[in-house]
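Quick notes on the structure that follows.
2 protein chains.
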Amino acid sequence: MTEVNQLNKSELEEQLEQLKKKYESYKEKELALDMSRGKPCPEQVDLSRPMLDLVTSEDLLKTDSGVDVRNYGGLDGLAEAKEFFAPILGVAPAEVIIGGNSSLTMMHDTIARAMLFGVVDSEKPWSKLEKVKFICPSPGYDRHFAICELFGIEMITVDLLEDGPDMDKVEELVKEDATIKGIWCVPKYSNPMGNTFSDEIVNRLAKMETKANDFRIFWDNAYAIHHLTLVHDKLKNIYDACVEAGNENRVFLFASTSKVTFPGAGVAAMAASPDNVTKIKSELSIQTIGPDKMNQLRHVRFFEKEGSLEEHMKKHAELIKPKFDKTIELFEKFLGGKGIATWLSPVGGYFISIDTLDGCAKEVVALAKEAGVTLTGAGATYPYGKDPYDSNIRIAPTFPSLDELEVAIEIFCLCVEIVSIEKKLAA
Amino acid sequence: MTEVNQLNKSELEEQLEQLKKKYESYKEKELALDMSRGKPCPEQVDLSRPMLDLVTSEDLLKTDSGVDVRNYGGLDGLAEAKEFFAPILGVAPAEVIIGGNSSLTMMHDTIARAMLFGVVDSEKPWSKLEKVKFICPSPGYDRHFAICELFGIEMITVDLLEDGPDMDKVEELVKEDATIKGIWCVPKYSNPMGNTFSDEIVNRLAKMETKANDFRIFWDNAYAIHHLTLVHDKLKNIYDACVEAGNENRVFLFASTSKVTFPGAGVAAMAASPDNVTKIKSELSIQTIGPDKMNQLRHVRFFEKEGSLEEHMKKHAELIKPKFDKTIELFEKFLGGKGIATWLSPVGGYFISIDTLDGCAKEVVALAKEAGVTLTGAGATYPYGKDPYDSNIRIAPTFPSLDELEVAIEIFCLCVEIVSIEKKLAA
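From first to last, the protein sequence lines are chains A and B. Residue 6 is where the first sequence starts when you use this note's numbering, and the numbers rise one by one after that. Residue 6 is where the second sequence starts when you use this note's numbering, and the numbers rise one by one after that.
Written as structure tokens, this is what we have:
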């Protein structure tokens, strides 16, 4: 491949013309392909169908420990559900709080409670402070940023590098500024980069000096067990690191089965230190009598056989790894060696993050949309929807079929090429 | 029966001695009977077992309108779930928002949002105001009061009379005081009195002049369809009344299937005016991708046959009406004509409310507890747990078996008699 930089004007113009012809021919097909959200495909969700047969009219509607799931009770979830989530979150069962169907809701509610009542160690509710700021390693997860916007929390963008957030920057910020109350992290197979925080980064997050006594790490371990290959990324246990550093109240951990069983009908959980858990439960006891125990029981029964969760996740990987492979293969085929885009090849998670030349992402997404390919909005991976480089695009390859994906990625690459060349020509 | 007032000291002492003997003999039995919460009994929850067979691995996991319940989506619930709740709430389906498993959570979250963001017509978030007050018709539901306490909302107690709140008092208060932002109502088969608001009360609530522009009625219609007899209490439609009065934004309505299908694994819903719904949905979209659609589908399929909900509720009534009847029968037998307690005989709902002589309720509950009968804490039916008369006790007769209930009510009546006579003797 030739780098676009090495082509002269007439070569670029010639190439652009050919690319545009190809683009027009795709456009005529009136496609409608969606790669905008990290959604499991139908075959993935069907892996969990047998779970629906484990809590029927014929079944015992009690847990092994004797809890009647037909009636009220159980503020923080079934003991068995806590045991299920404890190793995923890397904590003891007593440090787990089971939620409803959404870890996003648990994160939102955790911040809502901090705003209204403060957290352990807060002098006052965060909403009573002049200003509250969060550090947002970016590219990151748009729904985290949306929560900050909703609550009027000012977001500070820090680069997410290959081994995690730019810690020099993070440490400098939190050491000086007491209004910085938190940081968002998707530490494993991150959304959207697909990378995993290194041990050193985890240690630095646990140990760093913070001006705010009530600083909190929001550890959204959404893809803790979502491996694509047999070689897994290993993530250091941040709760242990925080305990060791004498900062055990610093971290809130979150996970769910949304991308394990059924998105929207899964089970979510969070974990934290005993003091945090005590405070949260006392506030939670006013909000709910408890989450859906029947659905917890379905999950517990589905995964009660040793190793069944790992087997189940392997089946997910078998379905989606070919899609990740195909995407990377096409990136290499159409964009490789041209000096117009860079990407990582994640070994887990739900996304591939690609960086175009600066100032191209918005146009690429718009052009793809015109040809029937919906991508996550450019900028969505940055606070306030504003990518300072206008270069990051999140690809969610899991939902479309392999055939649809192939077409969608081809069109996408075409759009990257067209916009890049146009930029070069205009320069 | 002889009124206690008409007995002389030695007659009272003699009676007291006999009652205490009887009490001691009960105490020796070391019973453990719980009538503290409004919980359906095992036979009631088993009525809904067949629901668990309607969403299995063999079933189509799509709604009739084509929504895939296996995956993400549906912020405000399935169209079919909204259609189910619309007539229960007395609104159009478009005015319904489906929630998770708990209407209590929807109420809590509605107030949390009001505190954080205000409601339609608010000048600022309620948490930014010096003071926020709510009117709490009492006796009322302890969990409503707990929400106010959590958010630091000052509660003003107003008497709940037989046809609803003391509206003269309510109108006077809300007309003058802009810090009064809301009122809690359980308008039908109320918790704990079991009475239903009259049409006139509903009209006055809808029409009354409020100093606060953003005043809200929290209309917890928890027992909308929970009739005990064929003659139902009729509740006037407050949403229509508010619309007619030009106050369509005034009311938030809530309901759930917690006491229809499975408590803790049911479906909750709320309703409000289009403007309210638009604002709520925009805030909700940051908190969740949507509630559990599989459980909604279970419910929709279970009740899709015309009249099946009514039939189902009749089966509930068949199971619990004998318990209400037995309670009233024993009240009449042991307490009737003695001038020491008054009660209503509700034709729906989950509770019987009994008023002892002033200053007796706490002692009665404590004495019953000592004999193994757990009642809702005395005072719980009033804001801050403080019954100004110390007279109201909430009886929840649904959970125990008829035999257990009979013993529990006998012990309870015994305790009322003992405490009343002791009061008389000490006077």
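C-beta atoms are modelled at their ideal positions from N, C-alpha and C, and glycine is treated no differently. Just so we're clear, the structure is a prediction, and the values are computed from it rather than from any experiment.
Please check the pair B/V272 and A/N76, which I expect to be a contact at CB under 8 Å, by giving their CB distance rounded to whole angstroms.
Between A/N76 and B/V272 the Cβ distance is about 16 Å, and since that is not below 8 Å, they are no contact.
Cutoff 8 Å: B/S41 Cβ touching any chain C Cβ
Absence of chain C from the displayed structure is noted, the protein chains being A and B.
Reference A/E88, options A/G78, A/L80, A/I102, closest by Cα:
Of A/G78, A/L80, A/I102, the residue nearest in Cα terms is A/I102.
Reducing DSSP to helix, strand and coil, say where A/T379 ends up.
DSSP, reduced to helix, strand and coil, places A/T379 within a strand of the structure shown.
How about A/S70 and A/A84: do their beta carbons lie closer than 8 Å?
yes
Taking C-beta pairs closer than 7 Å, name the residues in chain B that A/M299 reaches, listed in chain order.
F267, A270
So, using beta-carbon positions, are B/V163 and B/P142 closer together than 8 Å?
yes
A/F156 in three-state terms, based on DSSP
Per DSSP, reduced to three states, the secondary structure at A/F156 is coil, with no helix or strand assignment.
Output needed in chain order: residues of the region 156-176 of chain A with a Cβ under 8 Å from some Cβ in chain B.
F156
Could you list which residues in chain A have their beta carbon closer than 9 Å to that of B/P296, in chain order?
G105, N106, S107, G269
Selection from A/V207, A/T184, A/H237 that minimises the alpha carbon distance to A/E315:
A/H237
According to DSSP, which residues form a beta bridge with A/F257?
Partner(s): A/F223.
Return no unless some Cβ of chain B is closer than 8 Å to the Cβ of A/A151.
yes
Would A/V175 and A/I188 be called neighbours here (beta carbons separated by less than 8 Å)?
Going by C-beta atoms, A/V175 is nearer than 8 Å to A/I188.
The alpha helix (DSSP H) with A/R306 in it runs from where to where?
For A/R306, the enclosing alpha helix (DSSP H) stretches over residues 298-307.
Residue range of the alpha helix (DSSP H) that B/F90 falls in?
84-94
Is the distance from the Cβ of A/L59 to the Cβ of A/H321 below 8 Å?
no
Taking 8 Å as the CB-CB cut-off, is A/G78 touching chain B?
yes
With a cut-off of 8 Å on the beta carbons, I'd call B/A260 and B/F90 a contact; round off their distance for me.
6 Å
Local conformation of A/K186 per DSSP, three classes:
strand
Could you tell me the alpha carbon to alpha carbon distance between A/G384 and A/A376, rounded to whole angstroms?
20 Å
Taking only runs of the beta strand (DSSP E) that begin and end inside the region 96-172 of chain A, which ones reach a length of at least 3 residues, in chain order?
101-103, 138-143, 159-166
How long is the line joining the alpha carbons of B/S351 and B/W224, rounded to whole angstroms?
The sequence shown places Pro at residue 351 of chain B, not Ser. Going by the C-alpha atoms only, they are around 19 Å apart.
Less than 6 Å between C-beta atoms, sequence neighbours within five positions excluded: which residues of the same chain meet that for A/S132?
M120
Among residues of its own chain, excluding the 5 on either side of B/I116, which ones have a beta-carbon nearer than 7 Å to its beta-carbon?
I152, F156
Per-residue burial, A/E368 [other beta carbons within 10 Å of its own, 16 or more giving buried]:
buried
Quick check on B/A431: buried or exposed, where buried means 16 or more other Cβ atoms within 10 Å of its Cβ?
exposed
What residue range does the alpha helix (DSSP H) around B/D69 cover?
No alpha helix (DSSP H) contains B/D69, which DSSP labels as neither H nor E.
If you drop the 5 nearest sequence neighbours on each side, which residues of the same chain put their C-beta closer than 7 Å to that of A/M172?
I206, R209
Of the residues B/C365, B/A37, B/K180, B/Q301, the one placed nearest B/G78, counting alpha carbons only
B/Q301
Can you check whether the C-beta of B/P144 is within less than 8 Å of a C-beta belonging to chain A?
no
What is the DSSP secondary structure of A/I230, counted as helix, strand or coil?
coil
Around the Cβ of B/P144, are there at least 16 other Cβ atoms within 10 angstroms (buried) or fewer (exposed)?
buried
Using 8 Å as the threshold, is the region 210-230 of chain A in touch with the region 249-260 of chain A, meaning 3 or more CB pairs across them?
yes
Can you give me the start and stop residues for the alpha helix (DSSP H) that A/R42 sits inside?
No alpha helix (DSSP H) contains A/R42, which DSSP labels as neither H nor E.
Does DSSP classify A/T293 as helix, strand or coil?
Per DSSP, reduced to three states, the secondary structure at A/T293 is coil, with no helix or strand assignment.
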